[in-house]
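Visitor: Going down the list, the sequences are from chains A and B. Residue numbering for the first sequence is 1 to 262, as defined by our numbering. Residue numbering for the second sequence is 1 to 190, as defined by our numbering.
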Amino acid sequence: MAEKKGLLKRLAEGQVWNSIFRGGGVPKSRRQRMMVVLNSVFLHLHPVRLPKHAVKLKFTWCMGGLSFFLFLILTISGILLMFYYRPTIEYAYTDIIDLAEQVPFGIMREIHRWGAHAMVITVWLHMFRVFMTGSYKPPREFNWAIGVILLLLTLLLSFTGYLLPWDQLAIWAITVGSNMARATPFIGSEGPGASLLAIGDINFVTMSSDIRFALLGGRFLGEATLLRFYVLHCIGLPFIIMIFLAVHFWRIRKDGGISTPV
Amino acid sequence: MPELNEKQSVTVSPASPPPAALGKTDDGSQVTRRTFFSWLSIGWIAFIAATGGFFTMMLRFFFPNVLFEPVQTFSAGFPEDYQVGEVDLRWKSKYGTWIVRNGEGIYALSTTCTHLGCTPNWLAAEQKFKCPCHGSGFRKTGINFEGPAPRPLERFRIVLADDGQIIVDKTIKYQQEKGQWSDPEAFLKV
Numbered sequence: 001m002a003e004k005k006g007l008l009k010r011l012a013e014g015q016v017w018n019s020i021f022r023g024g025g026v027p028k029s030r031r032q033r034m035m036v037v038l039n040s041v042f043l044h045l046h047p048v049r050l051p052k053h054a055v056k057l058k059f060t061w062c063m064g065g066l067s068f069f070l071f072l073i074l075t076i077s078g079i080l081l082m083f084y085y086r087p088t089i090e091y092a093y094t095d096i097i098d099l100a101e102q103v104p105f106g107i108m109r110e111i112h113r114w115g116a117h118a119m120v121i122t123v124w125l126h127m128f129r130v131f132m133t134g135s136y137k138p139p140r141e142f143n144w145a146i147g148v149i150l151l152l153l154t155l156l157l158s159f160t161g162y163l164l165p166w167d168q169l170a171i172w173a174i175t176v177g178s179n180m181a182r183a184t185p186f187i188g189s190e191g192p193g194a195s196l197l198a199i200g201d202i203n204f205v206t207m208s209s210d211i212r213f214a215l216l217g218g219r220f221l222g223e224a225t226l227l228r229f230y231v232l233h234c235i236g237l238p239f240i241i242m243i244f245l246a247v248h249f250w251r252i253r254k255d256g257g258i259s260t261p262v
Numbered sequence: 001m002p003e004l005n006e007k008q009s010v011t012v013s014p015a016s017p018p019p020a021a022l023g024k025t026d027d028g029s030q031v032t033r034r035t036f037f038s039w040l041s042i043g044w045i046a047f048i049a050a051t052g053g054f055f056t057m058m059l060r061f062f063f064p065n066v067l068f069e070p071v072q073t074f075s076a077g078f079p080e081d082y083q084v085g086e087v088d089l090r091w092k093s094k095y096g097t098w099i100v101r102n103g104e105g106i107y108a109l110s111t112t113c114t115h116l117g118c119t120p121n122w123l124a125a126e127q128k129f130k131c132p133c134h135g136s137g138f139r140k141t142g143i144n145f146e147g148p149a150p151r152p153l154e155r156f157r158i159v160l161a162d163d164g165q166i167i168v169d170k171t172i173k174y175q176q177e178k179g180q181w182s183d184p185e186a187f188l189k190v
């Protein structure tokens, strides 16, 4: 017993440990424990201390934490799916079938899909909880704004992922969804103000140059759309959401930690 | 205090001679205030221009010049291929077009529902187009009469080629609510 403790102690005082964990050594005081958290790139996003009554399930519903947990699940399962899925009209649908029927642990695809549905629900509930407990009030109003952006990014991730199975449900959902983009003011070909952006008879915002065209990569849903949505779903949107997630977590700490029940 | 030293090193004290008066230095290594700000301005302008240029490139990058989409103009055969009173379904899946012939002539209807863009089905028994998504119904003419569709189906430009075959041009649309169906090329008189 004594020998084992000695080993741990020697490790904790060794160069390897001290080069990894700044501040070094086994934290002995409250201050040292705090410094360990503050000096870690991962831990420093998180508050050093939490009031016990503020993390009661009754108060938080744990919805923010669950949302992030689901985000991690989706990132990992999503990367695994990318090893089999090919975003082309020829293969997309059959690759999804292949993932479900032939690939070992075909449940991976179901985890991704159900996890995605669950994350949309938890993000909404998290927002509802924050609203009902008044946790959006100053000094947390900026973090609320970040949260709204995160909600939009979650919905966009859900929207772009919806197309990838390339089945009837996917194609028509995105057809309908992207048709709404036609009505965008000024930059949608059928939106208000689009006809103002013209010189004489030459219209600049047309079906071949509006925001929907940029979203679909063409005038109609097709191969280009599938690839565009795939890249946005797997790289573009996750990259953006991770930046906002980091700011969101860090601001919780900076804005005085998790809000407490009144 | 290292901070203070740094500050002192960049501050030109009012008592010192004006920068221009510093003139040439022996080794040319000293940068005057004026030269420094000139280069700084040039640097910033170049940086902003380059960044702006790249963002413009990025924006334009999302609008491809060549589209790998089905052709928008197709030859639909001879007018005699179509029966009077029939809704012809042969170009529906390939070109998204219904060719309808009535007593006076032929018109090409878009198969895109004017509600949210699904494809309705032609129900011959009920003589109507019915959209499976939200239940919009259209008469054989394309006029909407039930469901959420806000306006009639669109018609495409339809003309005869020199060889007597029908040409349907989907890039030009005619909308009934804009009074465009009376356009000579919206309806092919036979």
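We put the CB at the ideal spot given by N, CA and C, even for glycine.
Answer with buried or exposed for A:His112, where buried requires no fewer than 16 other C-beta atoms within 10 angstroms of its C-beta.
Guide: That one is buried.
Visitor: Just to confirm my understanding: we take B:Ile99, look at its own chain, exclude 5 residues before and 5 after, and list those with CB closer than 7 Å. What are they?
Guide: Ala76, Tyr82, Asp88, Trp91, Ile106 and Ala108.
Visitor: Using 8 Å as the limit for Cβ to Cβ distance, is A:Ala214 near chain B?
Guide: Chain B, which has a Cβ nearer than 8 Å to the Cβ of A:Ala214, makes this yes.
Visitor: Between the C-alpha atoms of B:Asp163 and B:Thr73, what's the straight-line distance to the nearest angstrom?
Guide: Using only the alpha carbons, I get a separation of about 16 Å.
Visitor: Does any CB atom of chain A fall closer than 8 Å to the CB of B:Ser93?
Guide: No, because no Cβ of chain A sits closer than 8 Å to the Cβ of B:Ser93.
Visitor: Rounded to whole angstroms, what's the CA-CA distance from A:Trp166 to B:Cys118? Just pull it up for me.
Guide: Cα to Cα, the separation comes out at about 16 Å.
Visitor: If you run the structure through DSSP and keep just helix, strand and coil, what is B:Trp122?
Guide: In this structure, B:Trp122 counts as strand in the three-state DSSP scheme.
Visitor: Take A:Leu157 as the anchor and find which of A:Gly200, A:Ala246 and A:Leu232 has the nearest alpha-carbon.
Guide: Cα-wise, what sits closest to A:Leu157 is A:Leu232.
Visitor: Please go through the same chain and pick out, in chain order, the residues whose beta-carbon is closer than 7 Å to the beta-carbon of A:Gly64, but skip the five residues on each side of it.
Guide: The residues are His126.
Visitor: Rounding to the nearest angstrom, what Cα-Cα distance links A:Ala194 and A:Met207 in this structure?
Guide: A:Ala194 and A:Met207: Cα-Cα distance of roughly 11 Å.
Visitor: Give me the Cα-Cα distance between B:Ser110 and A:Ile96, rounded to the nearest whole angstrom.
Guide: When rounded, the distance between both Cα atoms is 32 Å.
Visitor: Of all the CB atoms in chain B, is at least one closer than 8 Å to the CB of A:Glu141?
Guide: A:Glu141 does not count as touching chain B.
Visitor: Look at the alpha carbon of A:Leu169 and the alpha carbon of B:Gly142, and state the distance between them as a whole number of angstroms.
Guide: Roughly 26 Å separates the two Cα atoms.
Visitor: Near A:Ser135, which residues of its chain fall below 7 Å by C-beta distance, leaving aside the five closest residues on each side in sequence?
Guide: Here the set comprises Ser259.
Visitor: Below 8 Å on the Cβ atoms is my contact criterion, and I expect A:Leu155 with A:Val120 to pass it. Report the Cβ-Cβ distance as a whole number of Å.
Guide: Contact flag correct, Cβ pair sits at about 7 Å.
Visitor: Can you list, in chain order, the residues of its chain whose CB lies under 6 Å from that of B:Val159, leaving out five sequence neighbours each side?
Guide: Contacts found: Ile167 and Glu185.
Visitor: Just reading off the beta strand (DSSP E) that B:Leu160 is part of, what are its end residues?
Guide: Taken as a continuous stretch (DSSP letters only), the beta strand (DSSP E) holding B:Leu160 covers Arg155 to Leu160.
Visitor: Please check if any C-beta of chain A sits within less than 8 Å of the C-beta of B:Phe138.
Guide: Taking Cβ atoms only, chain A never reaches closer than 8 Å to B:Phe138, which makes this a no.
Visitor: Name, please, each residue of chain A whose Cβ falls closer than 7 Å to the Cβ of B:Leu116.
Guide: Under the 7 Å cutoff, chain A gives Val176 and Asn179.
Visitor: Hey, would you say A:Ala181 sits closer than 8 Å to A:Gly188, going by beta carbons?
Guide: Result yes, Cβ atoms of A:Ala181 and A:Gly188 sit closer than 8 Å.
Visitor: Does any residue of chain A bring its CB to less than 8 Å from the CB of B:Pro120?
Guide: Chain A contact via Cβ: absent.
Visitor: Per the contact definition of three or more C-beta pairs closer than 8 Å, is the segment 89-104 of chain A in contact with the segment 26-41 of chain A?
Guide: Verdict: no, contact absent.
Visitor: Is it right to say A:Leu38 is buried, meaning 16 or more other beta carbons lie within 10 angstroms of its own, or is it exposed?
Guide: It is exposed - the Cβ of A:Leu38 has fewer than 16 other Cβ atoms within 10 Å.
Visitor: Sort A:Ile235, A:Thr175, A:Val176 and A:Leu196 by Cα distance to A:Pro185 and report the nearest one.
Guide: Ranking the options by Cα distance to A:Pro185, first place goes to A:Leu196.
Visitor: In chain A, which residues lie with their C-beta within 9 Å of the C-beta of B:Leu109?
Guide: Ordered by position in chain A, no residue passes the 9 Å Cβ test against B:Leu109, which lies about 17 Å from the chain.
Visitor: Reducing DSSP to helix, strand and coil, say where B:Tyr107 ends up.
Guide: Strand.
Visitor: Just checking: is the beta-carbon of A:Gly218 within a distance shorter than 8 Å of some beta-carbon in chain B?
Guide: True, the Cβ-Cβ gap to chain B drops below 8 Å.
Visitor: Just the Cα atoms here: how many angstroms apart are A:Ala12 and A:Val36?
Guide: Computed Cα separation, rounded: 13 Å.
Visitor: Below 7 Å between beta carbons is the criterion; list the residues of the segment 62-95 of chain B that meet it against any residue of chain A, in chain order.
Guide: So the list reads Phe62, Phe63, Pro64, Leu67, Phe68 and Glu69, given in the order they occur along the chain.
Visitor: Assuming A:Leu70 and A:Gly106 form a contact by the criterion Cβ under 8 Å, report the distance between their Cβ atoms to the nearest whole angstrom.
Guide: In fact, because the Cβ distance is near 20 Å, the residues do not count as touching under 8 Å.
Visitor: Could you name the residues that DSSP lists as bridge partners for B:Asp81?
Guide: The partner list for B:Asp81 (beta bridge, DSSP) is empty, contrary to what the question assumes.
Visitor: So, with DSSP's three-state summary, where would you put A:Val231?
Guide: DSSP places A:Val231 in helix when its eight states are reduced to three.
Visitor: Compare the beta carbon distance of A:His248 and A:Leu150 with 8 Å and say whether it is the shorter of the two.
Guide: Yes, the pair counts as a contact, with Cβ atoms nearer than the cut-off.
Visitor: Sorted by chain position, which residues of the same chain lie with C-beta nearer than 6 Å to A:Pro51's C-beta, five sequence neighbours on each side aside?
Guide: Answer for A:Pro51: Thr260, listed in chain order.
Visitor: Using the Cβ count rule (16 or more neighbours within 10 Å means buried), how would you classify A:Phe229?
Guide: By the 10 Å Cβ count, A:Phe229 comes out buried.
Visitor: Rounded to a whole number of angstroms, what is the C-alpha to C-alpha distance between B:Ser41 and B:Gln176?
Guide: Looking at the two C-alpha atoms, the distance is approximately 59 Å.
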